[in-house]
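Novice:
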Amino acid sequence: MSKVLDKLVSQRILHHYHSNNLLNPLQPGLRASKSCETAGFELREVVLGRVGKNQGVCMVSLDVAGAFDNVCWESILFLLGKAACPLNIFRLVRSYLRNSWVCYETQVTRVEHEVKRGCPQGSCSGPLFWNIVADSLFNQRFPENAYMQAYADDLVLAIWGHNKSQIEDQWRAAMSVIEEWGELNKLRFSSLMSCMLPITFRRRLSLADPPEVNLYRQPIWAVAELKYLGVIWDGGLTFHTHFKNRKVAIDSLSYRLTSTVCKWYSKQPCLLKRIYKGALEPNALYGHGAWGHRLKLKMFCEYLNVAQRRPLLAMTRAYRTSSTLSLQVLPGVPPLDLRAIETYATFLVLRVRQDITVYSESFQWEDYV
Numbered sequence: 030m031s032k033v034l035d036k037l038v039s040q041r042i043l044h045h046y047h048s049n050n051l052l053n054p055l056q057p058g059l060r061a062s063k064s065c066e067t068a069g070f071e072l073r074e075v076v077l078g079r080v081g082k083n084q085g086v087c088m089v090s091l092d093v094a095g096a097f098d099n100v101c102w103e104s105i106l107f108l109l110g111k112a113a114c115p116l117n118i119f120r121l122v123r124s125y126l127r128n129s130w131v132c133y134e135t136q137v138t139r140v141e142h143e144v145k146r147g148c149p150q151g152s153c154s155g156p157l158f159w160n161i162v163a164d165s166l167f168n169q170r171f172p173e174n175a176y177m178q179a180y181a182d183d184l185v186l187a188i189w190g191h192n193k194s195q196i197e198d199q200w201r202a203a204m205s206v207i208e209e210w211g212e213l214n215k216l217r218f219s220s221l222m223s224c225m226l227p228i229t230f231r232r233r234l235s236l237a238d239p240p241e242v243n244l245y246r247q248p249i250w251a252v253a254e255l256k257y258l259g260v261i262w263d264g265g266l267t268f269h270t271h272f273k274n275r276k277v278a279i280d281s282l283s284y285r286l287t288s289t290v291c292k293w294y295s296k297q298p299c300l301l302k303r304i305y306k307g308a309l310e311p312n313a314l315y316g317h318g319a320w321g322h323r324l325k326l327k328m329f330c331e332y333l334n335v336a337q338r339r340p341l342l343a344m345t346r347a348y349r350t351s352s353t354l355s356l357q358v359l360p361g362v363p364p365l366d367l368r369a370i371e372t373y374a375t376f377l378v379l380r381v382r383q384d385i386t387v388y389s390e391s392f393q394w395e396d397y398v
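All residue numbers for the sequence shown refer to the working numbering, where the first residue is 30 and numbers rise by one.
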C-alpha cells in the first residue's frame, strides 16, 4: 500500500506542475514529449549555433556529489509551498519526510541517526523530489553567454565567447550563481568528477591550451571526450568515439544474446531477427538527436553498416567474408544507415516539428500533427 500511495502522491504533484506550467523547459526529464533525444538535439543546436557565429564554446559536465542522497528536505517542502501545492498533498509529503531514523545495531552497540536529507531509495517520489529541487536552478539569473541543461542528475553547462578570457569571465559569473544555489540547497559539486570539453571544431579553441575554469577554487580539467546522457561528445563533434563504443557494445550484446538463444531456445533466423529489431537496433540508434546531422556524410553511414555485421552474421550463419550488402539482403534487414535516416527524420518531424527533405522528398511537420 505504501508504494501505491507514493505513486499517487507523485502523480498528483507532477500533474500540479504540468497544469500550472511550472516546469522549466531546460529540464526535459519532467516534461511530456521530451526525452534524452530532444535534450541532445537542443544542446547540439546551441553549440553548433555559436560555433557557426565564429565563437569558441566549452561544454562543462557538472557532477553533484551524492545528488539523490543529499537533497535537503527543507528545500523540497519550501519549493512545494512556493509552487502552491495543494495543502493536503503538502501535508502528506511533510508527514512522509518527518521523523525518519536510521538504526545500526550489532551485538555490542546500537546507533541511531535522524535523517534530514536524501530522496527515498527505490521510490517513485525520489526522482521527482530531486527534479523539483534541480528545476529551481534554472530560475537563477545566468550570464548571457551561458546555456544550462539538466536531465535528472546529469547537468551540463555550455559557455561561449570570442576568446579565452571572455569564456573565463562568463564561467566565473555562471559559477557564482551555481555555487550560491548549491549552498542554499545544501548541495555541493565535485570538481574531481566534473570535466570540461573545449569544442575544437573550426579551431577556435585548443585542447592543448584550454580556458582555465575553476570550481570551489579547484581546477576543472579539460578532456578530449565528454559523456552526457549516454552519448560521447568529442571536440570536433564527429562522434567517432561514440560509434566505436557502440560497435563494441553491439558485438558483445549480440554474442551473448545469440549464445543464450541458441542454448535455451532455437537457432531459427526469425527469432534472432526479432531480437535484433527489438534490442540491438534501438541500442545502435540511441542518441540520434545529438549525432543525426552526421548522417549526411557517406563515411559515417558506412561505419553504421559495419556495426551491423555481427548480428547479421548470426542471423544468416554466412561466412565472415560475405559482403555487408548480401548479409542485409538475405534476412531482409534494412541497412542501418537507412534506418538511422528514417529514425532521425521521424524525430525531426514529430518531436522537433521541423520541415525536412530526405532524398529530394519534402515532409511538412503540420501534415503529421
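Note that CB positions come from ideal geometry on N, CA and C, so glycine has one too.
In this text the structure is predicted, and so the values were computed from the model without any measurement.
With DSSP as the reference, label Y397 as helix, strand or coil.
Specialist: Within the sequence shown, residue 397 is the residue found at index 368, counting from 1. It is helical.
Novice: Per DSSP, what kind of secondary structure is C132 in: helix, strand or coil?
Specialist: On the sequence shown, residue 132 is found 103 positions in, with the first residue counted as 1. Strand.
Novice: What residues in its chain sit with their C-beta under 7 Å from that of T270, if we drop five residues either side in the sequence?
Specialist: If you number the sequence shown from 1, residue 270 lands on position 241. Once the five neighbours on either side are set aside, the close Cβ partners of T270 are E254, I261, D263.
Novice: Do F218 and D92 come within 8 Å of each other at the CB atom, strictly closer than that value?
Specialist: Within the sequence shown, the letter at position 63 stands for residue 92. Within the sequence shown, the letter at position 189 stands for residue 218. Yes.
Novice: From which residue to which residue does the beta strand (DSSP E) around K111 run?
Specialist: Within the sequence shown, the letter at position 82 stands for residue 111. Looking at the DSSP string, K111 is not in any beta strand (DSSP E); the run it does join, the alpha helix (DSSP H), is 102–111.
Novice: Which residue's Cα is closest to the Cα of M204: G151, Y245, E310, I105?
Specialist: Indexing the sequence shown from 1 puts residue 204 at position 175. Selected option, being the one with the closest Cα: Y245.
Novice: Leaving out the 5 sequence neighbours to the left and right, which residues in its chain are closer than 7 Å to G69 when beta-carbon positions are compared?
Specialist: Stepping through the sequence shown from its first residue, residue 69 is reached at position 40. Cβ neighbours of G69 beyond the five flanking positions: L258, V260, G316, G318, A319.
Novice: Could you pull the start and end residues of the beta strand (DSSP E) that H142 belongs to?
Specialist: For this step, residue 142 is matched to residue 113 along the sequence shown. Here the beta strand (DSSP E) through H142 covers 139–144.
Novice: With 16 as the cutoff for other CB atoms within 10 Å, does E71 come out buried or exposed?
Specialist: Residue mapping note: residue 71 aligns to position 42 of the sequence shown, counting from 1. Buried is the call here.
Novice: How many Å lie between F119 and Y176 at the Cα?
Specialist: Residue mapping note: residue 119 aligns to position 90 of the sequence shown, counting from 1. Residue mapping note: residue 176 aligns to position 147 of the sequence shown, counting from 1. Their Cα atoms are separated by approximately 32 Å.
Novice: So what does K273 bridge to, in DSSP terms?
Specialist: As a working note, residue 273 is residue 244 in the sequence shown. DSSP, once it has assigned bridges, lists no residue as partnering K273.
Novice: Beta-carbon separation of M88 and A187 under 8 Å?
Specialist: Here residue 88 refers to the residue found at position 59 of the sequence shown. Here residue 187 refers to the residue found at position 158 of the sequence shown. In contact: M88 and A187 (Cβ atoms closer than 8 Å).
Novice: On the three-state DSSP scale, how would you describe P248?
Specialist: Counting from one through the sequence shown, the residue named residue 248 turns up at place 219. In the structure shown, P248 sits in a strand (DSSP, three-state: E or B).
Novice: Would a C-beta distance cut-off of 8 Å place D164 and N53 closer than the cut-off?
Specialist: The count along the sequence shown starts at 1 and reaches residue 164 at position 135. The count along the sequence shown starts at 1 and reaches residue 53 at position 24. Contact: yes.
Novice: For N192, tell me which candidate among C224, G85, S288 has the shortest Cα-Cα distance.
Specialist: In the sequence shown, the residue the question calls residue 192 occupies position 163. The shortest Cα separation from N192 among C224, G85, S288 belongs to G85.
Novice: Which one or two residues does DSSP pair with K256 in a beta bridge?
Specialist: Numbered from 1 along the sequence shown, position 227 holds the residue referred to as residue 256. Partner(s): I261.
Novice: Is the Cβ-Cβ distance between V185 and V122 less than 8 Å?
Specialist: Indexing the sequence shown from 1 puts residue 185 at position 156. Indexing the sequence shown from 1 puts residue 122 at position 93. No.
Novice: Kindly list the residues whose CB is nearer than 6 Å to the CB of A179, restricted to its own chain and excluding five residues on each side of it in sequence; keep chain order.
Specialist: Position 150 of the sequence shown, counting from 1, holds the residue named residue 179. Excluding residues within five positions, the ones whose Cβ falls inside 6 Å are Q56, A163.
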